[in-house]
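Chains as they are written, first to last, in our numbering: chain A, 1 to 116; chain B, 1001 to 1120. Structure first, commentary second.
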Amino acid sequence: EAGVTQFPSHSVIEKGQTVTLRCDPISGHDNLYWYRRVMGKEIKFLLHFVKESKQDESGMPNNRFLAERTGGTYSTLKVQPAELEDSGVYFCASSHWRTGGTYEQYFGPGTRLTVT
Amino acid sequence: AQKITQTQPGMFVQEKEAVTLDCTYDTSDPSYGLFWYKQPSSGEMIFLIYQGSYDQQNATEGRYSLNFQKARKSANLVISASQLGDSAMYFCAMREGPTAPIQGAQKLVFGQGTRLTINP
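Below, the structure written as structure tokens:
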């Protein structure tokens, strides 16, 4: 079974440019999450999709961030325009509920975003 | 207020020794779950172990065990017989609220992590 994949693994852009990050969850996982770790800080929640619907987007920093999950499969996270403070590692995770399960989230390898 | 606290930014342990990574948490929700993840230098986050707030026994997974002390709100990770490959960043995380069918309360709150280095 393929794990969570993220693309690109690393992106370097200039302030003011646009970047789109992609996440492919584990097949069949309805829940998809985005998290971010800024240098030296803890990993912070951004938003949660259940299938194609945004269940919780309380962690989105501002309206420069736009997440989509068309068709309930892969998700994209667009940053437009990027600012210096957006630099960090963006993680995607997916999970699937099953009876008696722990609902653990499986994480992708992350996308390291550097805004210069 | 910080909900997950990992007080050890770094730890150095000799190979084959046991190691305990500390984690304390804060929540007023009676239903919650605690997770430990390992992040090696390659960057991926690997799920290690889970403890539910209503679980009667401490969770164990191979060399990993979770020392769950509910009254003290601590969920320390114990790694027995450490190996060189255990060198990594370790994160404690908490999920508040019950599991499905309430799917909205599933986000994880993370601590700042502990960097564990195993010396040969």
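A virtual CB, placed ideally from N, CA and C, is assigned to each residue, including glycine. The model shown is predicted, which means the values in this text are computed figures rather than measured ones.
A/G88 is bridged by DSSP to A/L113. The Cβ of A/D24 sits no closer than 9 angstroms to any Cβ of chain B. Under the three-pair Cβ rule at 8 angstroms, the stretch 1080-1092 of chain B does not count as touching the stretch 101-114 of chain A. For A/E52, none of the residues of chain B pass the 8 angstroms Cβ criterion, the least Cβ distance being about 14 angstroms. Interface criterion not met: the Cβ of A/K78 is under 9 angstroms from no Cβ in chain B. With a 10 Å radius around the Cβ and a threshold of 16 neighbouring Cβ atoms, A/N31 comes out buried. In the three-state reduction of the DSSP assignment, A/T70 falls in the helix class, which pools H, G and I. Taking C-beta atoms as the reference points, B/L1116 and B/M1089 count as a pair closer than 9 angstroms. Three or more beta-carbon pairs separated by less than 8 angstroms are not found between the stretch 44-62 of chain A and the stretch 1-11 of chain A, which leaves the two stretches without contact.
Neighbourhood of A/Y33 in chain B, by CB distance below 9 angstroms: Q1106, K1107, L1108, in chain order. Closer than 9 angstroms to the CB of A/S95 there is at least one CB belonging to chain B.
Beta-bridge partners of A/R64 (DSSP): none assigned.
Contacts with chain A at 9 angstroms (Cβ-Cβ) include B/A1093. Residue-level contact by beta carbon holds for A/Y103 and chain B, with a gap shorter than 9 angstroms. DSSP places B/D1026 outside both helix and strand once states are collapsed to three, so it counts as coil.
The DSSP-derived three-state label of B/G1113 is coil. In this structure, DSSP gives B/D1086 a helical state, which the three-state scheme calls helix. Taking the Cα of B/Y1064 as reference, the smallest distance to any Cα among B/R1072, B/Q1112, B/Y1050 is reached at B/Y1050. Annotation: A/Y74 to B/Q1008 spans about 36 angstroms, alpha carbon to alpha carbon.
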